[in-house]
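Take the sequence shown: its position 30, counted from the start at 1, is 13 in my numbering, and no numbers get skipped.
Reviewing the structure listed below.
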Amino acid sequence: MAILAGGAYGQQDGKGAAAKFSSVGGMAFGPDGSLYLTDGAAVRKVTMDGVVTTVARELTSRTANDKPALFGGSY
């Protein structure tokens, strides 16, 4: 087993050990081979070469009924 990405606790995009994860939950592979995972209230993408980017994250836990839904946790 080898570490592809992530080197310390936190939530930071980056490549390899420069990326940080805080609370990894569900995982799934995309059609391009990238790994998508939940990390706290964010959805993160890890490419096959170890680049981590945040795809979506919680902006607020409350929203008006006429606004797009936001998620408050993706566990």
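Just so it is clear, CB atoms sit at the ideal spot from N, CA and C, and this is done for glycine as well.
Computed from a predicted model, the values in this text were never measured in an experiment.
Expected contact under 8 angstroms - CB spacing of residue i and residue j to nearest Å
{"i": "VAL35", "j": "VAL29", "result": "5 angstroms"}
Spatially closest choice to residue i from the options, by CA coordinates
{"i": "ASP15", "options": "ALA1, ASP32, GLY23, ALA(-9)", "result": "ASP32"}
Euclidean distance between Cα positions of residue i and residue j
{"i": "LEU(-13)", "j": "LEU18", "result": "11 angstroms"}
{"i": "ALA11", "j": "THR21", "result": "9 angstroms"}
{"i": "GLY(-11)", "j": "GLY23", "result": "15 angstroms"}
{"i": "GLY(-1)", "j": "GLU41", "result": "24 angstroms"}
Collapsed DSSP secondary structure at residue i in the structure displayed
{"i": "PRO13", "result": "First, the amino acid is wrong: residue 13 is Gly here, not Pro. Three-state DSSP puts GLY13 in coil, outside helix and strand."}
{"i": "GLY(-3)", "result": "strand"}
{"i": "LEU(-13)", "result": "coil"}
{"i": "GLY63", "result": "Residue coverage of the chain in this structure runs from -16 to 58, which leaves residue 63 outside it and unanswerable."}
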